[in-house]
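Undergrad: For the sequence shown, the working numbering begins at 30 and goes up steadily by one.
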Amino acid sequence: MDGRTEFRFDPLAVQTPCCVVDEGLLKANLELLASVRERAGCKVLLALKCFSMFSTFPLLATALDGVCASSPHEARLGREEFAPHGGGEIHTFAAGYSEADIRSLCHTSDHLVFNSFAQLARFRPLVAELAGAQGRTIELGIRINPEHSEGAVPVYDPCAPGSRLGVRRAQFDAQHNQVGLDGVTGLHWHNLCEQDADCLERTIAAVEAGFADVLPRMRYVNFGGGHHITRPGYDVDLLVSLIIRFKERWGVEVYLEPGEAVALNAGFLVTTVLDVVQADLPVVIMDSAVPCHMPDVIEMPYRPHVVGSGEAGEKAWTCRIGGPSCLAGDVAGEYSFDAPLETGDRLVFTDMAIYSMVKTNTFNGIQLPGIALFTPQTGEVATLRRFGYQDFRNRLS
Ligand SMILES: Cc1ncc(COP(=O)(O)O)c(C=O)c1O
């Protein structure tokens with residue numbers, strides 16, 4: 030089944046707006062990731078920034094080695110909800126940490142990756158002290174900037190000019206000479222976004238050209254996220270051979286930390302048509318606000334797919350679909366359908382598990398979408414969470 034265009038649950042079974050994750054589609058992604066992990070002999074972490082639906086963590090933990098977090102809160106979620114289900118390594122990277130962050134992370138993380146030698150020098154003694162007090166080891170890593178862009182959208186390109194992410198080679202020597210690499214066992218980079226293995230191949234070449242003297246001093250190298258492994262057509266064989274060859278050349282362990290690939294095409298946002306108004310063209314108003322429930326549509330930007338729709342003009346009836354908020358740009362895009370949509374119709378947006386639940390907000394006091402899980406074996410859609418007024422109010426004072 031093509032997860033982009035099909036759903037197998039009854040959209041009338043949920044109160045809208047609601048994000049429905051199909052456990053079967055999630056499992057299919059996990060099987061592919063588990064095969065990469067096994068064939069390449071690498072570790073695969075879930076990037077929580079993309080998908081943090083913790084009720085699925087017991088399932089995810091059967092196939093993944095742990096999570097990567099971007100903050101103390103994500104690291105705590107990983108420690109409390111993922112790690113108990115096995116194999117739960119918690120890796121954390123942030124562009125900057127406060128002392129309070131480090132004190133918290135030392136109770137939740139196994140690996141701390143720094144964005145600069147200054148932060149490494151400042152916090153290395155504190156990490157050693159706090160880890161020692163707990164009788165455990167916290168590995169340290171440094172993020173490098175490979176200075177190799179793969180044509181990603183600039184806002185998602187950590188190697189774009191002026192990027193604050195990762196130490197560039199020119200700065201590496203001077204800073205490293207002062208601070209040293211004592212205790213640093215990992216090298217981390219992240220430069221891809223929804224890309225194929227050929228982009229990784231060129232990135233590896235850039236890193237090997239720039240950091241050949243550093244790589245042999247590492248125990249592990251983390252290739253970051255952005256590997257679109259579960260997208261149909263992704264060159265899995267090339268990925269596997271790149272990892273195997275890298276490990277052989279440098280004698281290191283390799284980590285991947287995909288977000289999208291874990292839950293790609295595994296979730297849907299179900300909404301209801303509230304009204305159809307006539308503007309220059311018919312405009313459908315649904316009960317989901319694009320800036321609140323699918324902010325990436327505006328940020329990236331992109332046009333999400335609606336099941337049963339075509340491009341504008343392709344089918345008999347063309348309309349624009351937008352939400353109930355005040356924002357003029359609260360618009361998902363223009364679509365066509367075989368017949369006009371009517372109040373009460375359900376609209377099902379595809380690929381809404383990734384960078385969706387984690388990014389929702391309550392601008393305009395808009396109702397947050399519920400969270401549901403569809404289990405194909407039983408045909409049941411279980412609503413796991415509904416949100417209400419208190420969730421809106423609790424974020425304010
Ligand atoms: C450091 C890091 N790791 C992993 C990821 C996950 O990327 P993706 O969801 O595209 O696989 C990101 C995304 O921004 C990231 O910044």
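Glycine residues also receive a C-beta, built at the ideal position from the N, C-alpha and C atoms.
Leaving out five residues before and five after L303 in sequence, what residues of the same chain have Cβ atoms less than 7 Å from its Cβ?
TA: Mapped onto the sequence shown, residue 303 falls at position 274. Around L303: I314, M315, D316, P353 and T372.
Undergrad: Using a threshold of 6 Å, is the CB atom of G255 nearer than that to any non-hydrogen atom of ligand 1?
TA: For the purposes of this step, residue 255 is identified with residue 226 of the sequence shown, where counting begins at 1. Correct: G255 has its Cβ closer than 6 Å to ligand 1.
Undergrad: Kindly indicate which three-state DSSP category I383 falls into: helix, strand or coil?
TA: Numbered from its first residue, the sequence shown carries residue 383 at position 354. Coil, per DSSP.
Undergrad: Would the C-beta of I327 count as close to ligand 2, meaning under 6 Å from any of its heavy atoms?
TA: For the structure depicted, ligand 2 is absent and the ligand set comprises only ligand 1.
Undergrad: So does H219 have its beta carbon nearer than 6 Å to some heavy atom of ligand 1?
TA: As a working note, residue 219 is residue 190 in the sequence shown. Indeed, a heavy atom of ligand 1 lies less than 6 Å from the Cβ.
Undergrad: Whose CA, out of E343, G351, D374 and V377, lies closest to the CA of S365?
TA: For the purposes of this step, residue 365 is taken as residue 336 along the sequence shown, with counting starting at 1. Residue E343 is the option with its Cα nearest to S365.
Undergrad: Ordered along the chain, which non-local residues of its own chain (more than five positions away) have a Cβ less than 8 Å from that of W346?
TA: Taking the sequence shown and counting its residues from 1, one reaches residue 346 at position 317. Closer than 8 Å at the Cβ level, and outside the excluded window around W346, lie P311, S365, F366, D367, A368, P369 and L370.
Undergrad: Which runs of the beta strand (DSSP E) fall wholly inside the region 220-253 and span at least 3 residues, in chain order?
TA: If we require 3 residues or more, the beta strand (DSSP E) runs fully inside the region 220-253 come out as 249-251.
Undergrad: Could you check where the alpha helix (DSSP H) with V142 kicks off and where it finishes?
TA: As a first step, residue 142 is located in the sequence shown; it is residue number 113 there, counting from the start. Premise fails: V142 lies in the beta strand (DSSP E), H140 to F143, not in any alpha helix (DSSP H).
Undergrad: Identify, in the order they occur along the chain, each residue of the same chain with its Cβ nearer than 6 Å to the Cβ of C47, setting aside the five sequence neighbours on each side.
TA: The count along the sequence shown starts at 1 and reaches residue 47 at position 18. Excluding positions up to five away in sequence, the list reads V299, P398, G399 and A401.
Undergrad: For L77, name the three-state secondary structure that DSSP assigns.
TA: Along the sequence shown, read from residue 1 onward, the residue named residue 77 stands at position 48. In this structure, L77 counts as coil in the three-state DSSP scheme.
Undergrad: Note down, in chain order, each residue of its chain lying with its Cβ closer than 7 Å to the Cβ of S192, except the 5 sequence neighbours on either side.
TA: On the sequence shown, position 163 is the one that residue 192 refers to. Result list for S192: N174, in chain order.
Undergrad: Just to confirm, is the Cβ distance from F36 to V377 under 7 Å?
TA: Against the sequence shown, residue 36 aligns to sequence position 7. Against the sequence shown, residue 377 aligns to sequence position 348. Yes, Cβ-Cβ distance for F36 and V377 is below 7 Å.
Undergrad: Identify every run of the beta strand (DSSP E) within the region 150-177, keeping only runs that are complete inside it and at least 3 residues long; order them along the chain.
TA: The region 150-177 contains these whole beta strand (DSSP E) runs: 168-172.
Undergrad: Within the same chain, show all residues whose beta-carbon is closer than 7 Å to that of D31, passing over the 5 residues directly before and after it, in chain order.
TA: Against the sequence shown, residue 31 aligns to sequence position 2. Residue placement at D31 is poorly supported in this model, since its pLDDT is 44, which falls under 50; the coordinates are not used for a value here.
Undergrad: In terms of residue numbering, what span does the alpha helix (DSSP H) encompassing Q307 cover?
TA: Within the sequence shown, residue 307 is the residue found at index 278, counting from 1. Careful: Q307 lies outside any alpha helix (DSSP H), inside the beta strand (DSSP E) at G296 to Q307.
Undergrad: What are the start and end residues of the alpha helix (DSSP H) that includes V327?
TA: Sequence index remark: in the sequence shown, residue 327 carries index 298 (1-based). In the sequence as presented, Val is not what sits at residue 327; that position holds Ile. Here the alpha helix (DSSP H) through I327 covers P324 to E328.
Undergrad: Quick check: H217 and G170, are their CB atoms within less than 7 Å of each other?
TA: If you number the sequence shown from 1, residue 217 lands on position 188. If you number the sequence shown from 1, residue 170 lands on position 141. Yes. Within cutoff.
Undergrad: Below 8 Å on the Cβ atoms is my contact criterion, and I expect S84 with A123 to pass it. Report the Cβ-Cβ distance as a whole number of Å.
TA: The sequence position of residue 84 within the sequence shown is 55, counting from 1. The sequence position of residue 123 within the sequence shown is 94, counting from 1. Rounded, the Cβ-Cβ distance is 26 Å, inconsistent with contact.
Undergrad: Can you give me the Cβ contacts of P359 inside the same chain, cut-off strictly under 8 Å, excluding the 5 residues immediately before and after it?
TA: Your numbering for residue 359 matches position 330 in the sequence shown. Position check: residue 359 holds Asp in this sequence, whereas Pro was assumed. A318, V319, P320, G351, G352 and P353.
Undergrad: Between L55 and Y263, what straight-line distance do the alpha-carbon atoms span, to the nearest angstrom?
TA: On the sequence shown, residue 55 is found 26 positions in, with the first residue counted as 1. On the sequence shown, residue 263 is found 234 positions in, with the first residue counted as 1. Going by the C-alpha atoms only, they are around 17 Å apart.
Undergrad: Kindly indicate which three-state DSSP category L89 falls into: helix, strand or coil?
TA: Residue 89 sits at position 60 when you count from the first residue of the sequence shown. Correct three-state label for L89: helix.
Undergrad: So, at 6 Å on beta carbons, what are the nonlocal neighbours of L268 in its own chain, with the 5 sequence-adjacent residues on each side left out?
TA: As a first step, residue 268 must be located in the sequence shown, where it is residue number 239. For L268, where only same-chain residues beyond five positions count, the Cβ hits under 6 Å are A226.
Undergrad: Can you list, in chain order, the residues of its chain with a C-beta nearer than 6 Å to that of C228? Leave out the 5 residues immediately preceding and following it.
TA: Here residue 228 is taken as the residue at index 199 of the sequence shown, counted from 1. E179 and L221.
Undergrad: Any heavy atom of ligand 1 closer than 6 Å to the Cβ of G288?
TA: In the sequence shown, counting from the first residue as 1, residue 288 sits at position 259. Under cutoff, so the answer is yes.
Undergrad: Given I93, which residues of its chain have a CB within under 6 Å of its CB, disregarding the five upstream and five downstream residues?
TA: The residue you call residue 93 lines up with position 64 of the sequence shown. Note that residue 93 corresponds to Leu in the displayed sequence, not to Ile. Around L93: V73 and L75.
Undergrad: Can you tell which of H219, F297 and V142 has the C-alpha that lies nearest to the C-alpha of P287?
TA: One-based indexing of the sequence shown puts residue 287 at position 258. Considering only alpha carbons, the answer is H219.
Undergrad: What is the residue span of the alpha helix (DSSP H) that P101 lies within?
TA: Translated into positions along the sequence shown, residue 101 becomes position 72. Unbroken alpha helix (DSSP H) run through P101: P101 to L106.
Undergrad: So V43 and V410 are supposed to be a Cβ contact under 8 Å. How far apart are they, rounded?
TA: Within the sequence shown, residue 43 is the residue found at index 14, counting from 1. Within the sequence shown, residue 410 is the residue found at index 381, counting from 1. With 8 Å as the limit, V43 and V410 qualify as a contact, their Cβ atoms being about 6 Å apart.
Undergrad: Across which residues does DSSP place S365 in a beta bridge pair?
TA: Within the sequence shown, the letter at position 336 stands for residue 365. Answer is G339 and T347.
Undergrad: Are T404 and E110 touching if we call contact CB-CB under 7 Å?
TA: Against the sequence shown, residue 404 aligns to sequence position 375. Against the sequence shown, residue 110 aligns to sequence position 81. No. Outside cutoff.
Undergrad: Can you check which of these residues, A57, P40 and L61, is closest to D266 by C-alpha distance?
TA: As a working mapping, residue 266 is identified with position 237 in the sequence shown. The shortest Cα separation from D266 among A57, P40 and L61 belongs to L61.
Undergrad: Going by CA-CA distance only, name the one from A104, G116, H102 and C97 that's closest to L88.
TA: To locate residue 88, count along the sequence shown from 1; it is residue 59. Looking at the Cα atoms, G116 is the closest of the given residues.
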